[in-house]
Amino acid sequence: MTELSNAVDIANAVRNGSVSAVSVLDEYLARIDARESSIHAFNLVTREQARTMAAQVDADVKAGRDPGPLAGVPIALKDNMCTRGVPTTCSSRILEGWKPPYDATVVTRLAGAGAVFVGKTNLDEFAMGSSTENSAFGVTYNPHDTSRVSGGSSGGSAAAVAAGFAAASLGSDTGGSIRQPAALCGVVGVKPTYGTVSRYGLVAFASSLDQIGPFTVDVRDAAVLLEAMSGHDPLDSTSIPQPALSLQGSLDRDVKGLRIGRIIDLPGGSDPEVEARLAESFDALAAAGATIVDVELPSMKYGLTAYYLIAPAEASSNLARYDGVRYGLRVDAADTNSMYMATRAAGFGDEVKRRIMLGTYALSAGYYDAYYGKALKVRRLISDDFARAYQKADVILTPTSPIVAFPVGAKVDDPLSMYLCDVFTIPTNLAGHPAMSVPFGTGAHGLPVGVQVLAPTLGESVMFQVAAHLERVAPGGAK
Amino acid sequence: MIDGYELVVGLEVHVELATATKLFSASANRFGDDPNTHIDPVTLGLPGALPVLNRQAVEFAMRIGLALNCTVQACTFHRKNYFYPDMPKAYQISQYDVPLNVDGWLELPGGKRIGIERAHLEEDTGKSTHIGGTGGRIHGSDYSLIDFNRAGVPLVEIVGRPDIATPDEAKQYVTELRQILVAIGASDAKMEEGSMRCDANVSVRKPGAPLGTRCEIKNVNSVRSLGRAIEYEARRQIALIEGGEKVRQETRHWDETDGRTHTLRTKEDADDYRYFLEPDLVPLAPEAVWIDAVRAALPMLPRERRARLSSATGAPADGEAVMVVVERGQDDYVLAVASAGADASRALVHVKEAYAEQGAVPSVPAADLARMIVLETSGKLTSTQAKIVLAEIMANGGGDAEKIAAAKGFEAMDTSALEAMVDEVIAAQADAWAKYCAGEEKAMGALVGAIMKASKGKADGKAVTALLQSKRG
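Chain order of the listed sequences is A and B.
In the working numbering, each residue's number is its place in the first sequence (first place is 1) plus 664.
In the working numbering, each residue's number is its place in the second sequence (first place is 1) plus 16.
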């Protein structure tokens, strides 16, 4: 098997008995052994658990039981998804040593589809960041250039797939945390419609924005993973009451006649090469018979500001429970209040503290209306803008990230320029819509560029239809 | 009114709902079990756990709203953020600007209506026990134990309008509310066990003056304490004002042992709860058919039951007998005794007097009590004999009153024999008779006593009185 084999091929081979899940796993573990020290995609490689799962898949095949559509596929999990008995850290000292007593719903569902979990991947602490430099356990480097970042916050999951440490992985996307690292690492990354994939067992950052999605080497794999993960979960009240998505049928569908939206007032500042790739993607779709239509999203430019009030506000509440009493880190002190303070001072990194303070302030009496309240209004305006745009267009294309992977350390002292990495991805989360990043050629220094396909609520089918076409026509040829 | 001041009191009552499971998880909602045996990831607020609303809790909350004449509406949940060791998420899921039930009222037995501003759903906290130090407070304790069995138990907070004007009205309000909650099966509403908890907002003012500064009184654990605490607090505030001082807005703790309220926290140390819409839940919009079904299934409420019993017996609806019998749930029984042919007012008196230890379904068949009352009202048993016969019936869980009376040798005197006896006594006690005829009612006691003695207790007191009155003319 060659590097970057896709999940569908692996599952087919394992299901028909032509290859064993254990031998697939060995190949991936060998690649981890060879290169993980220079990438640092994982907080934990769950070697033994993976062997047990792979052996079970092989036993099922041998006994004539179908292990499922992800039979023997090595999958990495972002380390903010609960795994029973396996440490789940969110790349934070505050959760050090905590082993959840339960599995996240996505973990249960993928395991039920035959997946083999190879490990828990690194992230920006509590998913707060765009470079995976905010991890308490060290940076994840970009497999295309290890002097550069992998993006974030799901940098470990993106890098794991790009480096061939896993055939696929899961990330979470609150403001672009799947799509931006996917673009920077040259893999496919999907943020589905809010409520499509259960959040049960995903350690919350900003609950109204968080959504789990896959990283894969190609669009078909992403469709297969989403089909396995999605569908109503009674344990998540925000889960949409509908069956799992059905996406594979859209992949080979012609894009002729589709209306592709181009945002005429798109915020500027992107790399020229990134803008060039986006223009080429429009050209390619037009050449295939799609219509390019201009749409306006005037409130998009306020998205970043609104996001940096709403997400920290929710985070300030979600992270208040980490007090050293029941689990994770505890720094002993003279009395309970001092213990709380010492624990939180030692347990949280700077970016997390920054956002807790921002969010607490935004919700405070006397400031609520000016900050959080106003941000909610912007959120509504963005949804309204999208609603108008989707009357004219079936999907909208933007760059995923304005820039290619940047050098490690380049933005750590300038949070605002780091926040700007998410300018194209954030509005989607505010609206609850689906969006995905597809590799589309390269930019500066030969580094990967991603094009983002945006679609309205539950518009995953048409989104995958367009993404699959872009993948086929991407510069450098189809894989 | 106390010393020329009006009291203005509003009560906030928290009740634990009698659901099988917690508000947002499948753990059991049960009081009194070993600590931390009814817990799960949601109850403990473990990272990644999410709340799922309990439909039964919503239904119970709707029952409460409808029984209190509220409008049930589409509503939302908010997070109320604050730190406390027994609140594992560091926020309480509650309702804020759009609660489930709004704008109702509760009618006191005397007919006065107390407004209900809202009745909303929220989750309870865990329970802390502070070991060492003084007074069971967290400050100065050596260590604390936390029981999360109560965390996540569904609560309804019933916020009354400040329409209560006396400590006694406050007691009536809580007593009536408790009866309603029990009647509709929403809560066992036991103040002693904490399944019903009451905070009182108290202020005073001169009649016609604007509202005074209020203080919130916490830790009131019985209806009696509620009356005492309000009375104490009102007098404390009046003394401050009369002494030229101002009442500070604060939360005060009622101390049962010294009978006073003490400062718990002032307005300045009040928490900023940073309420915001709970993103882990969706809005709750009970459909009209559901609301209608809950309304239709509501049992008769205590107020209606008292009115029904009052009109059947002629006793006042807010009189002791009707109040007591309805509270015991024995009003259906009294009506059954009446429909078996007995005088309803006698049935009410006997049940009120003799059935204190019986439940809503007394052991004596209604027909047996009815037969006994018929004997009594037809004059075949004196009231004294009636009590003896009833005691025997109750001891046996029923019985034929006629046979018991016969076995005991009770035979009421017939009217002519009684009249003869009355005449004899009048003749023998001419002095008393003269006084009685002159309008000295006290003199009747001596005459009746003598007649009863002569009849060896077989004469019916009422019949004797009636005879004496008719003979006086």
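Even for Gly, the Cβ is constructed at its ideal location relative to N, Cα and C.
In this text the structure is predicted, and so the values were computed from the model without any measurement.
Residue i versus residue j: straight-line alpha-carbon distance, rounded
i	j	result
valine 68 of chain B	leucine 364 of chain B	48 Å
leucine 834 of chain A	leucine 197 of chain B	49 Å
glycine 1096 of chain A	glycine 81 of chain B	34 Å
lysine 1143 of chain A	alanine 1132 of chain A	Bear in mind that a pLDDT of 42 at lysine 1143 of chain A, under 50, signals an unreliable position, so the model cannot answer this.
alanine 1138 of chain A	aspartate 900 of chain A	37 Å
aspartate 671 of chain A	leucine 171 of chain B	As written in the sequence, residue 671 of chain A is alanine, which differs from the aspartate given in the question. Approximately 49 Å between the Cα atoms of the pair.
glutamate 32 of chain B	isoleucine 132 of chain B	18 Å
isoleucine 1197 of chain A	alanine 951 of chain A	The first residue shown for chain A is 665 and the last is 1143, placing residue 1197 of chain A beyond what the model contains.
isoleucine 147 of chain B	arginine 994 of chain A	21 Å
glycine 1110 of chain A	tyrosine 107 of chain B	48 Å
methionine 665 of chain A	threonine 796 of chain A	Confidence in methionine 665 of chain A is poor, its pLDDT being 41 and thus under 50, which makes the residue's placement unreliable; the coordinate value appears in the next sentence. Approximately 30 Å between the Cα atoms of the pair.
alanine 846 of chain A	threonine 1089 of chain A	12 Å
phenylalanine 781 of chain A	phenylalanine 829 of chain A	11 Å
leucine 668 of chain A	alanine 824 of chain A	The predicted model places leucine 668 of chain A with a pLDDT of 47, which falls under 50 and marks its position as unreliable; any figure quoted below should be read in that light. Distance between the alpha carbons of leucine 668 of chain A and alanine 824 of chain A is about 11 Å.
alanine 44 of chain B	serine 872 of chain A	29 Å
tyrosine 1025 of chain A	alanine 719 of chain A	52 Å
aspartate 501 of chain B	aspartate 119 of chain B	Nothing about residue 501 of chain B can be read from this structure; chain B reaches only from 17 to 489.
asparagine 85 of chain B	methionine 212 of chain B	20 Å
lysine 920 of chain A	phenylalanine 1012 of chain A	51 Å
glycine 877 of chain A	leucine 1094 of chain A	16 Å
arginine 488 of chain B	leucine 391 of chain B	28 Å
valine 438 of chain B	alanine 482 of chain B	11 Å
alanine 479 of chain B	alanine 333 of chain B	28 Å
aspartate 929 of chain A	aspartate 885 of chain A	33 Å
glycine 201 of chain B	valine 169 of chain B	16 Å
valine 1126 of chain A	leucine 689 of chain A	34 Å
proline 57 of chain B	serine 160 of chain B	22 Å
alanine 337 of chain B	glutamate 192 of chain B	16 Å
alanine 800 of chain A	serine 756 of chain A	5 Å
threonine 267 of chain B	glutamate 28 of chain B	13 Å
Beta-carbon spacing of residue i, residue j below 8 Å
i	j	result
valine 350 of chain B	leucine 325 of chain B	yes
tyrosine 858 of chain A	glutamine 875 of chain A	yes
glutamate 294 of chain B	phenylalanine 93 of chain B	yes
arginine 773 of chain A	valine 725 of chain A	no
glycine 149 of chain B	glycine 142 of chain B	no
alanine 779 of chain A	leucine 734 of chain A	yes
valine 1087 of chain A	proline 905 of chain A	no
tyrosine 766 of chain A	proline 738 of chain A	no
arginine 985 of chain A	valine 1115 of chain A	no
aspartate 179 of chain B	isoleucine 246 of chain B	no
serine 903 of chain A	proline 856 of chain A	no
Which of helix, strand or coil DSSP assigns to residue i
i	result
isoleucine 55 of chain B	coil
glutamate 456 of chain B	coil
alanine 1142 of chain A	Summary for alanine 1142 of chain A: the model assigns pLDDT 41, below 50, so the residue's position carries little reliability; its value from the coordinates is reported in the next sentence. Correct three-state label for alanine 1142 of chain A: coil.
methionine 1003 of chain A	helix
valine 851 of chain A	coil
lysine 1017 of chain A	helix
glycine 120 of chain B	strand
tyrosine 159 of chain B	strand
tyrosine 112 of chain B	coil
Nearest-angstrom Cβ-Cβ length linking residue i and residue j, presumed shorter than 8 Å
i	j	result
histidine 30 of chain B	glutamate 173 of chain B	5 Å
proline 183 of chain B	glycine 127 of chain B	Incorrect: roughly 19 Å between the Cβ atoms, too far for contact.
glutamate 123 of chain B	arginine 319 of chain B	6 Å
threonine 969 of chain A	glycine 988 of chain A	That pair is no contact at about 33 Å.
glycine 820 of chain A	leucine 848 of chain A	Incorrect: roughly 13 Å between the Cβ atoms, too far for contact.
alanine 979 of chain A	glycine 1023 of chain A	5 Å
valine 1068 of chain A	alanine 1108 of chain A	5 Å
threonine 747 of chain A	valine 721 of chain A	Threonine 747 of chain A to valine 721 of chain A, Cβ: 18 Å. No contact.
alanine 459 of chain B	methionine 410 of chain B	Incorrect: roughly 37 Å between the Cβ atoms, too far for contact.
Every unbroken beta strand (DSSP E) within the region 175-240 of chain B, with a cutoff of 3 residues, ordered by chain: 212-221 and 231-236
Those runs of the beta strand (DSSP E) which lie wholly inside the region 1084-1131 of chain A and span at least 3 residues: 1099-1106 and 1112-1118
Every unbroken beta strand (DSSP E) inside the region 858-901 of chain A [3 residues or more]: 875-880
Any alpha helix (DSSP H) of 4 or more consecutive residues that is wholly inside the region 816-845 of chain A: 819-826
Complete runs of the alpha helix (DSSP H) confined to the region 34-88 of chain B [at least 4 residues]: Within the region 34-88 of chain B, the complete alpha helix (DSSP H) runs of at least 4 residues fall at 71-83.
Complete runs of the alpha helix (DSSP H) confined to the region 328-370 of chain B [at least 4 residues]: 336-343, 347-355 and 360-370
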